[in-house]
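Q: Heads up: the protein sequence lines correspond to chains A and B, in order.
Under the working numbering, the first residue of the first sequence carries the number 1, and numbering increases by one thereafter.
Under the working numbering, the first residue of the second sequence carries the number 1, and numbering increases by one thereafter.
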Amino acid sequence: MRRVLVAVVVTVAGLVALLSFKTHMNSSERTVGSPPSVPPLLPGEHALTGRAIRTVYGPVQVRVVERSRTIIGVNILQHPAETTMDIQIGQFAFPRLVGETLAAQSARIDSVSGATYTSNGYISSLQSALDERSALGKQGALDNRA
Amino acid sequence: MGTVVSFDVPAAAVVGGSLEAAVRWLHWVDRIFSPYRPDSDVSLLAAAEVTVDGCAPEVAEVISACTAVRLCSGGYFTAAPGGVFDPSGYVKGWAVERAAAILSAAGSTSHLVNGGGDVQCVGGRPRSALSAAGASGSSAGSAGSSSGLPGEEPWRVGIADPFHRGGLALVIEAADSAVATSGTAERGAHIIDPHRGHPAAGLASLTVVGPSLALADAYATAAFAMGPARARDWTESLPGYEAYAITENGDTWQTAGFAPHIAPA
Numbered sequence: 001m002r003r004v005l006v007a008v009v010v011t012v013a014g015l016v017a018l019l020s021f022k023t024h025m026n027s028s029e030r031t032v033g034s035p036p037s038v039p040p041l042l043p044g045e046h047a048l049t050g051r052a053i054r055t056v057y058g059p060v061q062v063r064v065v066e067r068s069r070t071i072i073g074v075n076i077l078q079h080p081a082e083t084t085m086d087i088q089i090g091q092f093a094f095p096r097l098v099g100e101t102l103a104a105q106s107a108r109i110d111s112v113s114g115a116t117y118t119s120n121g122y123i124s125s126l127q128s129a130l131d132e133r134s135a136l137g138k139q140g141a142l143d144n145r146a
Numbered sequence: 001m002g003t004v005v006s007f008d009v010p011a012a013a014v015v016g017g018s019l020e021a022a023v024r025w026l027h028w029v030d031r032i033f034s035p036y037r038p039d040s041d042v043s044l045l046a047a048a049e050v051t052v053d054g055c056a057p058e059v060a061e062v063i064s065a066c067t068a069v070r071l072c073s074g075g076y077f078t079a080a081p082g083g084v085f086d087p088s089g090y091v092k093g094w095a096v097e098r099a100a101a102i103l104s105a106a107g108s109t110s111h112l113v114n115g116g117g118d119v120q121c122v123g124g125r126p127r128s129a130l131s132a133a134g135a136s137g138s139s140a141g142s143a144g145s146s147s148g149l150p151g152e153e154p155w156r157v158g159i160a161d162p163f164h165r166g167g168l169a170l171v172i173e174a175a176d177s178a179v180a181t182s183g184t185a186e187r188g189a190h191i192i193d194p195h196r197g198h199p200a201a202g203l204a205s206l207t208v209v210g211p212s213l214a215l216a217d218a219y220a221t222a223a224f225a226m227g228p229a230r231a232r233d234w235t236e237s238l239p240g241y242e243a244y245a246i247t248e249n250g251d252t253w254q255t256a257g258f259a260p261h262i263a264p265a
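In structure tokens form, the structure reads like this:
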């Protein structure tokens, strides 16, 4: 059965955003070219580049690196870096989000209870990267109203 | 600021439009219940600009459900945690549970909806999806959380480790169950003990597993506010719901019926 994951951002309860993702299983892989200033891909690796998501602080864009349909890395291509707060977010929040992505993947789990995150831009861009290989393409797209 | 709600659904739900209906429902809930929207029913009610009769009927439903949990928790759950009407502590789990029910009503027997870390599972996950992931090991047929149909196995839901961001404290197997976690890990001390008016102390994370996400979420919030000693007795007394707690010191305890929910390592 082909399955699809979508994420929708709402302000229910005004809580912070959750990172929750799942790769699309029955989908044709698609390699996206390596952007500049990120590590080169090794043989057998594929990169999926997310859309640049505009946030109130500036654009956020991520790239997912996979090997054999397993996420092995997430590169932050763009994030806001103009203010001290932005830099703190870059140094603290993004590594944490990347860690969560990898932990969730390696534990072979479907979902995480109890983890909420503020970084809608990260999630949105990550989701769009994963959507790159969704057989359902635009139907699995993100509805972001943050 | 918002909550991300993610859906894991069969493709038929996309084609048939029930996923779209579930997403429409969440946006509707947001319009009616968000305390961050000045024109929401909840905001207008909190400001005494309307009465309950002037709100969507679901507002009365939520108020009555909050009252029931307040009474059964000895007042540790309240729809006015900061003294102002704000039923968010109930609404998120309730809205996610109902989004899952919309998919069920349209015929899906296997889906998972996660709203801000509160997870409602329906049925199990298709077995083919796991093998496609290329992972080793098997959790098939493990005790406790039997999935209904052959070709399915329980959903695997990780509980975030409150002390190691990005890590998991435990993995739960859930079929036809909800998993809700209250904790300090991501948002700091944000759960208020309504009896003292201070942030609750003593627990780092408390997870409740049971059939309804609305109740599991509200129970987790109430138990967290109680602190470790009272929470343990109270969660043990809840029929159909089991709890797993991690204290501020890193100790853990669980209710008598929780063990079968734990995924084999």
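Cβ coordinates follow ideal geometry from the N, Cα and C atoms, glycine included.
Computed from a predicted structure; not experimentally measured.
Name the chain A residues that come within less than 9 Å of T207 of chain B, Cβ to Cβ?
A: Taking the first residue of the second sequence as position 1, residue 207 of chain B is located at position 207. Result: S113, G114.
Q: Bridge partners for T109 of chain B per DSSP, in chain order?
A: Working through the second sequence from its first residue, we reach residue 109 of chain B at position 109. T109 of chain B is not bridged to any residue.
Q: What number of angstroms, rounded off, separates the C-alpha of E20 of chain B from the C-alpha of R196 of chain B?
A: Looking up residue 20 of chain B in the second sequence gives position 20. Looking up residue 196 of chain B in the second sequence gives position 196. Cα to Cα, the separation comes out at about 43 Å.
Q: Of all the options B:G151, B:M226, B:G17, B:Q254, which has the alpha carbon lying nearest to the alpha carbon of T78 of chain B?
A: Residue mapping note: residue 78 of chain B aligns to position 78 of the second sequence, counting from 1. The option with the nearest alpha carbon to T78 of chain B is B:M226.
Q: To the nearest angstrom, report how far apart L215 of chain B and A100 of chain B are at their CA atoms.
A: Taking the second sequence and counting its residues from 1, one reaches residue 215 of chain B at position 215. Taking the second sequence and counting its residues from 1, one reaches residue 100 of chain B at position 100. Rounded to the nearest angstrom, the two C-alpha atoms are 15 Å apart.
Q: Looking at C-beta atoms only, is the number of pairs between the segment 28-40 of chain B and the segment 84-100 of chain B that lie closer than 8 Å three or more?
A: Output reads yes: the segment 84-100 of chain B touches the segment 28-40 of chain B.
Q: Using only the alpha-carbon positions, how far apart do P43 of chain A and I76 of chain A sit?
A: Against the first sequence, residue 43 of chain A aligns to sequence position 43. Against the first sequence, residue 76 of chain A aligns to sequence position 76. Each residue's alpha carbon lies about 21 Å from the other.
Q: Under three-state DSSP, which class holds P87 of chain B?
A: If you number the second sequence from 1, residue 87 of chain B lands on position 87. Reduced to three states, the DSSP call for P87 of chain B is coil.
Q: Measuring CB atoms only, is the segment 79-87 of chain B touching the segment 204-215 of chain B, in the sense that at least three cross pairs come out at less than 8 Å?
A: The segment 79-87 of chain B vs the segment 204-215 of chain B: no contact.
Q: I'd like the span of the alpha helix (DSSP H) that includes S43 of chain B, first residue to last.
A: Translated into positions along the second sequence, residue 43 of chain B becomes position 43. Note, S43 of chain B: alpha helix (DSSP H), 41-46.
Q: Would you grab the beta carbon distance between A56 of chain B and D41 of chain B for me? Rounded to a whole angstrom, and I think it's under 8 Å.
A: Counted from its first residue, the second sequence places residue 56 of chain B at position 56. Counted from its first residue, the second sequence places residue 41 of chain B at position 41. Indeed, because the Cβ distance is near 6 Å, the residues count as touching under 8 Å.
Q: Quick one: residues in its chain with C-beta nearer than 8 Å to the C-beta of E45 of chain A, no 5 flanking neighbours on either side, listed in chain order?
A: Translated into positions along the first sequence, residue 45 of chain A becomes position 45. Hits under 8 Å: V65, E66, R67, I72.
Q: For L168 of chain B, which residues does DSSP report across the bridge?
A: By one-based count along the second sequence, residue 168 of chain B stands at place 168. Paired residue(s): B:A160.
Q: Would you be able to state if there are at least three C-beta pairs under 8 Å between the segment 3-12 of chain B and the segment 103-116 of chain B?
A: Segments in contact, yes.
Q: Compare the C-alpha of S6 of chain B against each of B:Y76, B:P81, B:D118 and name the closest.
A: Position 6 of the second sequence, counting from 1, holds the residue named residue 6 of chain B. Cα-wise, what sits closest to S6 of chain B is B:D118.
Q: Which word fits A263 of chain B, buried or exposed, when buried means at least 16 other C-beta atoms lie within 10 angstroms of its C-beta?
A: For the purposes of this step, residue 263 of chain B is identified with residue 263 of the second sequence, where counting begins at 1. With 16 or more other Cβ atoms within 10 Å, it is buried.
Q: Should W253 of chain B be flagged as near chain A, meaning a C-beta pair shorter than 7 Å?
A: Along the second sequence, read from residue 1 onward, the residue named residue 253 of chain B stands at position 253. Answer no: the Cβ-Cβ gap between W253 of chain B and chain A never drops below 7 Å.
Q: Against chain A, with Cβ distances strictly below 7 Å, would V179 of chain B count as a contact?
A: Along the second sequence, read from residue 1 onward, the residue named residue 179 of chain B stands at position 179. Interface residue, yes.
Q: Interface residues of chain A around W155 of chain B at Cβ under 8 Å?
A: Residue numbering aside, residue 155 of chain B sits at position 155 when the second sequence is read from its first letter. Within 8 Å Cβ-Cβ: D110, S111.
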